[in-house]
Each structure stands twice: as C-alpha cells, then as structure tokens.
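A short write-up of the structure that comes next.
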Amino acid sequence: MQIIVNGSCLEVDSGFTLLALLDHMGKPSAHVAVEHNGEIVERNDFSSVTLDDEDRLEIVHFVGGG
Amino acid sequence: MKALSKLVIAGQAFSSRLFVGTGKFGSPEVMAKAVEASGTELVTVALRRIDVHSPADRTLSALNFSRYRLLPNTSGARDAEEAVRVAKLSRAACDTNWVKLEVTPDPNYLLPDATETLRAAEQLVKLGFVVLPYMNADPVLAKRLAEAGCATVMPLASPIGSNRGLQTRDQLRIIIEQATVPVIVDAGLGMPSHAAEALELGADAVLVNTAIAIANDPVRMARAFKGAVEAAELAREAGAGDQTLHARASSPLTGFLGVEA
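Here the protein sequences come in this chain order: A and B.
Each number in this note's numbering corresponds to the 1-based position in the first sequence with 2 added.
Each number in this note's numbering corresponds to the 1-based position in the second sequence with 112 added.
Rendered as structure tokens:
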C-alpha cells in the first residue's frame, strides 16, 4: 500500500504500525512527533496505530535552533 | 540600576541568566561543548520535518537533553494557527509544555508579527502551555502578552542573527520598567558587551545563539558571554553610582600647590 510521509509517497506492507514504520525508516522514536491524518499521535500509541492505504503522516523532530 | 531578583520562570528557578540557542553550529560536538561552556540551564531547539530519504539529522546528537531545560521554538510559523500546531507537536515530541513562541512571516528581517503572536499566545496559554513569546521591543505589546498569561516576554535587541546589539535600547528600558514577568532580551546580541548591557539595563536574562555559533571558536565565545553575564550580575548586585554631566574629582583638589585645605 502507499502512504504519504512528509509529502513523499512511500510503499509499505499493509498492517504496518507507526512504530514499525519509524524503525523501517531508521528514525528513533524519542523526540519525534507524528501527525496521523492531521491528528497528533501520543508516543505511547506509536505501537498501536496501524497504517492504512493513503494515510498521510507528518513526522517531525528537533534540530538545532535559536 | 535595577536591583537583581532571583530568576524564576513558571516556578523554575535559574541560576544562569544566559540562555543559548543550538542552531547554526559547525558540528554537533562543538555545539554541545559551547552549550556546556556557557553554563546555561536552558537551550532552545527547533522542530522540523524528518527527511524521509536521507540519514537522520545529527545537529542535536551530542546534546544531553536531560541536563537542560528544553525550550522548543515555533520558528517557521507564519501565523497563529501554524504556531499553535508547531507548539502542540513540540509538546508531543519532548513532553514539555514550554514553548518559545515565534511568528515571523517576513523572511528578510524575521520580525515578529505582533497580532498573530498575541493571538497564538492567548490560545497556547488556554491550552496549558508555558509561553515565552519572541516579540518586537514594543512596551504596549509586552504588557498585553503578560496580561494574556505569558510566562516571560522576549523582546528583540536587533534582527535575529544580525549581531547588531541593542538597537531597541529605549524601548527595552520601558519594557523593563513596566515588567510584571521576566524580560529576556533575545535576538541580535552579537558581542558579550551587548549581553552585559542588556542585563545592566535591568533585563532578567538574555538568549544568544548566532554570536556564539558563528564565532571562530564557539566554545571560547560561549565562555566570553558567560563572563559578561556574570559581570553584569555582579554590577547589579553592587549597585552603580549615578551619572553626572560635570566631573567629580577622584583625587582631593586641596592641600597642594598653594590651594588651602
């Protein structure tokens, strides 16, 4: 299935959880925030949110800033 | 000179009056060392999209997050809605309800939008955030933001990253005189003397990023800012004498060369 992550299309297996996706992308889940179809997902729910075809994700993290 | 009172923001006491930004450093390691050398207890960070196609951004990889109060900013937000969205994401990312509110629609001067900043501040305070708003040095706006429930005000000295020092000195004086919340002078402090001057004017703290980050030796420059801030604190504690137009002799003028005592 296809999902949209930060505006880019990604092909993933159906049934993927958010946590599995972050692992798959090699991104740590600490200090990361995720909007799933416009709703913020609490970090404790990363492992229970299952992704569906055409879901839209916004994944952000901290970088240096003033 | 305004007497020095303990710096407390939303119930948290700070012993260092120097806050440090983490952007624009040459490497994560230099940033972490400079932050440590500054003696700061609070660092600002920014929230950005993860790059789906490239390795993880390492800019904060050397920073020990547990050692510092983290203050995420809403940089990049162009209006109140975007700022609130970024603040909510930051809260989810690091479990802090503190936010440095920045709404800067103009990329050339990065000057803050007063009405959108106030609107966002009102919403964020209602949502339970501890709001530290970046603002132009406008004394009326500072009052409005404090009345809206902001924990501090953060008036700019000069445009972000410009290193031009206290171009807003007269307005800062008024903000400080009227303040009911801590005043943190933010943006444009390019030299340690600028930071010292802000504190001597009566500011409660300063936030410095670019001046440290783009120095040839950021770690040494962080130490310089630390020293300047501490010098100004000592001066505030010491209490400065008044200024006069005419000279006041430091040496006795009598009892010598024919002048009678």
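Beta carbons are placed, not taken as given, at the ideal position from N, Cα and C, and that holds for glycine.
Backbone CA spacing between residue i and residue j [nearest angstrom]
| i | j | result |
| --- | --- | --- |
| B:Ala347 | B:Leu116 | 9 Å |
| B:Tyr221 | B:Leu278 | 16 Å |
| B:Val295 | B:Asp329 | 29 Å |
| B:Ala168 | A:Met27 | 9 Å |
| B:Phe337 | B:Ala307 | 7 Å |
| B:Ala340 | B:Ser305 | 6 Å |
| B:Gly370 | B:Leu357 | 28 Å |
| B:Glu148 | B:Met303 | 19 Å |
| B:Ala158 | A:Leu12 | 25 Å |
Host alpha helix (DSSP H) of residue i (start-end)
| i | result |
| --- | --- |
| B:Ala340 | 330-350 |
| B:Gln290 | 281-290 |
| B:Leu230 | 226-238 |
| B:Lys145 | 140-150 |
| B:Ile296 | Segment 296-298 is the beta strand (DSSP E) holding B:Ile296; no alpha helix (DSSP H) there. |
| A:Leu24 | 20-27 |
| B:Ala310 | 304-313 |
| B:Lys255 | 251-259 |
| B:Ala323 | 322-325 |
Beta strand (DSSP E) segment containing residue i, residue limits
| i | result |
| --- | --- |
| B:Pro245 | 242-247 |
| B:Ala199 | Unbroken run through B:Ala199 is the alpha helix (DSSP H), 192-206; no beta strand (DSSP E). |
Proximity below 9 Å, CB of residue i to CB of residue j
| i | j | result |
| --- | --- | --- |
| B:Leu257 | B:Val196 | no |
| B:Ala315 | B:Ile286 | no |
| B:Leu284 | B:Ala269 | yes |
| B:Thr134 | B:Asn321 | yes |
| B:Leu264 | B:Pro245 | Note on identity: in this sequence residue 264 of chain B is Thr, with Leu being the wrong assignment. In this structure, B:Pro245 lies closer than 9 Å to B:Thr264 by Cβ. |
| B:Ala205 | A:Val62 | yes |
| B:Ala323 | B:Ala344 | no |
| B:Ala233 | B:Ala189 | no |
| B:Lys118 | B:Leu313 | no |
| A:Gly66 | B:Phe137 | yes |
Within chain B, the residues that residue i reaches when beta carbons sit closer than 9 Å
| i | result |
| --- | --- |
| A:Ala35 | Leu159, Lys200, Leu201, Ser202, Arg203, Ala204, Ala205, Cys206 |
Cross-chain neighbours of residue i in chain A, by beta carbon under 7 Å
| i | result |
| --- | --- |
| B:Lys118 | Simply none; closest approach about 25 Å. |
Interface partners of residue i on chain A, CB under 8 Å
| i | result |
| --- | --- |
| B:Lys136 | Gly66, Gly68 |
| B:Ile272 | Gly68 |
Contacts that residue i makes with chain B (C-beta to C-beta distance below 7 Å)
| i | result |
| --- | --- |
| A:Asn8 | Arg161, Ile162, Val164 |
Interface residues of chain B facing residue i [CB-CB closer than 8 Å]
| i | result |
| --- | --- |
| A:Val62 | Leu159, Arg160, Arg161, Ile162, Leu201, Ala205 |
Interface residues of chain A facing residue i [CB-CB closer than 9 Å]
| i | result |
| --- | --- |
| B:Met266 | Here the premise fails: no neighbours, minimum Cβ distance about 11 Å. |
| B:Ser173 | Near B:Ser173 there are no residues of chain A at all, since even the closest Cβ is about 10 Å away, more than 9 Å. |
Any non-hydrogen atom of the ligand SAH closer than 8 Å to residue i Cβ
| i | result |
| --- | --- |
| B:Arg285 | This structure lacks the ligand SAH, and indeed carries no ligand of any kind. |
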